[in-house]
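A.B. asks:
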Ligand SMILES: [Zn+2]
Ligand SMILES: [Zn+2]
């Protein structure tokens, strides 16, 4: 059974067949899908599922805090079920593959006090970019 599904069951989230399919599509490690990708994959399992249902379900999952929205490239938002363990992203500039990573040290703590300008800083986002082994191999 998937971790996300387990979490949702634990919270008593009403699992209709449509919601279940969305949660199943999002299950796993290093999952970062756009809403359209979630819809395409959900429709493979449940052809009648509408885009609106997928979008609504994603919105609910985000509100519940079980899925986070990630904007890695300024384009489409991606949905990430790894919502309970703070992490950063490693992105391939060739194919767009995304991995969840945990840098040593806390990026939040890395900002010196004199550069906080009096802000109550609560979040830090770091994106690492480069070529994945597959893409590095292609280019020779
Ligand atoms: Zn790549
Ligand atoms: Zn992630």
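In the numbering used here, the protein residues as written are 6 to 145. Built from N, CA and C at the ideal position, the CB exists for glycine as well.
Any heavy atom of ligand 2 inside 7 Å of the beta-carbon of residue 61?
C.D. replies: No, ligand 2 has no heavy atom inside 7 Å of this Cβ.
A.B. asks: Please work out which residues of its chain come closer than 7 Å, Cβ to Cβ, to residue 6, disregarding the five sequence neighbours upstream and downstream, and give them in chain order.
C.D. replies: Confidence in residue 6 is poor, its pLDDT being 42 and thus under 50, which makes the residue's placement too unreliable to answer from.
A.B. asks: Which residue marks the beginning of the alpha helix (DSSP H) containing residue 68, and which one marks its end?
C.D. replies: Element bounds for residue 68: 56 to 69.
A.B. asks: Name, in chain order, the residues that DSSP records as bridge partners for residue 135.
C.D. replies: In DSSP, residue 135 forms a bridge with 97.
A.B. asks: Between the Cα of residue 18 and the Cα atoms of 81, 42, 68, 91, which residue gives the shortest distance?
C.D. replies: Out of 81, 42, 68, 91, 68 has the C-alpha closest to the C-alpha of residue 18.
A.B. asks: Less than 8 Å between the CB atoms is what I'm expecting for residue 56 and residue 37, so what's the real figure, rounded?
C.D. replies: Contact doesn't hold; Cβ gap of about 19 Å is too wide.
A.B. asks: In terms of residues, what are the limits of the alpha helix (DSSP H) holding residue 8?
C.D. replies: Where residue 8 is concerned, the enclosing alpha helix (DSSP H) stretches over 8 to 15.
A.B. asks: Could you tell me whether any non-hydrogen atom of ligand 1 is closer than 7 Å to the CB of residue 99?
C.D. replies: Yes.
A.B. asks: Taking the C-alpha atoms as reference points, what is the distance between residue 116 and residue 101?
C.D. replies: Approximately 28 Å between the Cα atoms of the pair.
A.B. asks: Please confirm whether any heavy atom of ligand 1 lies closer than 7 Å to the CB of residue 116.
C.D. replies: Checking the Cβ of residue 116 against ligand 1 gives no.
A.B. asks: Could you say which of 31, 39, 138, 126 lies nearest to residue 80 if we only look at CA atoms?
C.D. replies: Comparing Cα-Cα distances from residue 80 to each of 31, 39, 138, 126, the minimum goes to 39.
A.B. asks: My output table needs one value for residue 75: the three-state DSSP class, helix, strand or coil.
C.D. replies: Residue 75 falls in the strand class under three-state DSSP.
A.B. asks: I need the straight-line Cα distance from residue 14 to residue 91, nearest angstrom please.
C.D. replies: Taking the straight line from one Cα to the other gives about 22 Å.
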